[in-house]
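Below you'll find the structure, written out as structure tokens, and then a few comments.
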Amino acid sequence: MFDLEKLVERALDLGAEFVEIRQQKNSINRLFVVDGVIRELNTGIVEGVGIRALVGGAWGFATVHGGDADAVKRALEEAVRLAKASAQMKSEKFRLEAPSHQGSWLARVRRDPSEVDVEEKIRFALELNDSAKRVDPRVKNVNVAYADTHSQEEVVNSFGTRVRQEVVRTRAAVQVFAHEAGIIERAFESVGGLGGFEVVETEHALGIGEAAASRAVEFLSAKSAPAGPFRAILDPKLAGVFIHEAFGHACEADEVLAKMSVLEGKIGTRVGREIVNVVDDPTIPGLYGSYAYDSEGSPAKKKYLVKEGTLNSFMHNLETSSRMGVSPTGNGRATDYSYPPMVRMSNTFIEPGDWTLEEMLSEVKEGIYAEGSLYGYTDPAKGEFVFKAEGGWLIKNGELVERLREVAITGTILEILHNISAVGRDLVYDPGVCGKFGQWVPVTTGSPHVLVDRVVFGGMR
19 MFDLEKLVER
29 ALDLGAEFVE
39 IRQQKNSINR
49 LFVVDGVIRE
59 LNTGIVEGVG
69 IRALVGGAWG
79 FATVHGGDAD
89 AVKRALEEAV
99 RLAKASAQMK
109 SEKFRLEAPS
119 HQGSWLARVR
129 RDPSEVDVEE
139 KIRFALELND
149 SAKRVDPRVK
159 NVNVAYADTH
169 SQEEVVNSFG
179 TRVRQEVVRT
189 RAAVQVFAHE
199 AGIIERAFES
209 VGGLGGFEVV
219 ETEHALGIGE
229 AAASRAVEFL
239 SAKSAPAGPF
249 RAILDPKLAG
259 VFIHEAFGHA
269 CEADEVLAKM
279 SVLEGKIGTR
289 VGREIVNVVD
299 DPTIPGLYGS
309 YAYDSEGSPA
319 KKKYLVKEGT
329 LNSFMHNLET
339 SSRMGVSPTG
349 NGRATDYSYP
359 PMVRMSNTFI
369 EPGDWTLEEM
379 LSEVKEGIYA
389 EGSLYGYTDP
399 AKGEFVFKAE
409 GGWLIKNGEL
419 VERLREVAIT
429 GTILEILHNI
439 SAVGRDLVYD
449 PGVCGKFGQW
459 VPVTTGSPHV
469 LVDRVVFGGM
479 R
């Protein structure tokens, strides 16, 4: 073992202006089933230390796998050396400014996954596979993934911060492919949260295989979506992905500072209608992207990215908040100790309004109901996006009249936000993982149904 405070003092003696030491241990269990066959079943422990040093506005970062005290000391010296070398080529200088924090947090679980037999986890995954296959003989391929992670992390820095947190996350996902007459359709469902095996023991969790399979089969007989501008209702999954991918990344302050965000310089300006409120909140109990402290030791906090249609805040880590003269927002996150923290989302969603889906439908004479999300492309610098939905419905005179496939939407972030004319009361959260510069972190997307007055669809007819 080693004394973290003494290591911090040593780094300062070597010339660091700021130093941060993260000690982490992750216990990970993964299971992957393809068409009823176990393709992956592994368990492992990832443990080590990540050290960052700041000199003259430049970072040095070094890691140690394991906990050898001498190796940690060498990594500390290497981090300071790298920071000094980088500082010689750094044109823009800055100093970190942030308060210190002390505390600890243990996320409670009702059923610790480490105490659940692997046979039970396998039975769960196989039942998801079987329930999907039972829906229809046209269901040809089913992929099931299960994972649980127990993470213990301690962060100490030269501001006096010392925080510890211990969390367990559990998630399962099902992807289903249905085939008929040369047509292949797919659907995806997942469940996950901050918690133990109880997360996947709910009625909803046990039904995700059947739900995904039923949708995939429905899409086989659907007609291709029409192309052009339509009034549209986006379901909670698609709207949640839009707000995360298209808008959320543009609100990350490192993207703003890099001049890669269409929202640069727009704090305090109108970016949508007054009914639109967008939140990033890692403090919500049980959600997959929740935590008490970020990877820099800053406390998690709820923040309104958009408040009543006005751009209210960006998401920050220690560096971006110091450079922009604001307080950290608790969004400095890293995949694990072997990566430096960067600005990341947590649980990002559109707050619910007061409309029902039926009320929204009654407002649409002719339009499209778009649901689910398969993949997409976003350009935060230009504010442009393209998303491929799982499918949808044609709306006529307030009724869902025809199943649609090949549903895609395109446009600009601000255009969509300004065109949202109704926000539903039925907020739905969806767990997932978000990638950025090779780092993956657990997140939650979310939204109620939203009515958008004009959306451009790229269909096949």
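For the numbering used here, add 18 to where a residue sits in the sequence shown, where the first one is 1. Think of the CB as a built atom: it goes at the ideal place given N, C-alpha and C, for glycine as much as any other residue.
Between the alpha carbons of residue 283 and residue 257 lies a distance of about 25 Å. Between residue 25 and residue 94, the gap from beta carbon to beta carbon is short of 7 Å. The region 245 to 256 and the region 459 to 477 touch, with three or more beta-carbon pairs separated by less than 8 Å. Taking residue 471 as reference, the option from 458, 452, 440, 454 with the minimal CA-CA separation is 440.
Pairwise C-beta distances place the region 144 to 156 out of contact with the region 125 to 134, as fewer than three of them are shorter than 8 Å.
Excluding its 5 nearest sequence neighbours in each direction, residue 310 has C-beta neighbours in its own chain below 6 Å: 123, 183, 318, listed in chain order.
When Cβ pairs closer than 8 Å are counted between the two stretches, the region 70 to 81 is seen to touch the region 30 to 50, the count reaching three or more. Residues of the same chain with a CB within less than 7 Å of the CB of residue 125, apart from the 5 flanking positions on each side, are 184, 185, 186, 212 in chain order.
DSSP places residue 83 in the uninterrupted beta strand (DSSP E) bounded by 76 to 83. Judged by DSSP secondary structure, residue 98 falls within the alpha helix (DSSP H) whose first and last residues are 87 to 105. Residue pairing of residue 61 in beta bridges, as defined by DSSP: 47. Cβ-Cβ distances below 6 Å link residue 279 to 268, 273, 398 in the same chain, with the five nearest sequence neighbours on each side left out; the list follows chain order. Of the residues assessed, residue 350 falls on the buried side of the cut-off, its CB having 16 or more other CB atoms within 10 angstroms.
If you draw a 10 Å sphere on the C-beta of residue 81, you find 16 or more other C-beta atoms in it, and that means buried.
Residues of the same chain with a CB within less than 8 Å of the CB of residue 322, apart from the 5 flanking positions on each side, are 295, 296, 297, 330, 331 in chain order. Sixteen is the threshold: since fewer than 16 other Cβ atoms of the shown chains lie within 10 Å of the Cβ of residue 455, the residue is exposed.
Listed as beta-bridge partners of residue 333 by DSSP are 270.
Annotation: residue 415 to residue 435 spans about 24 Å, alpha carbon to alpha carbon. The distance from the Cβ of residue 307 to that of residue 391 is about 17 Å, inconsistent with a contact at the 8 Å cut-off. Residue 27 is classed as exposed because its beta carbon has fewer than 16 other beta carbons within 10 Å across all chains shown.
An exposed status is given to residue 220, since fewer than 16 other beta-carbon atoms sit within 10 Å of its beta-carbon.
Residue 372 and residue 442 have their C-alpha atoms some 6 Å from each other.
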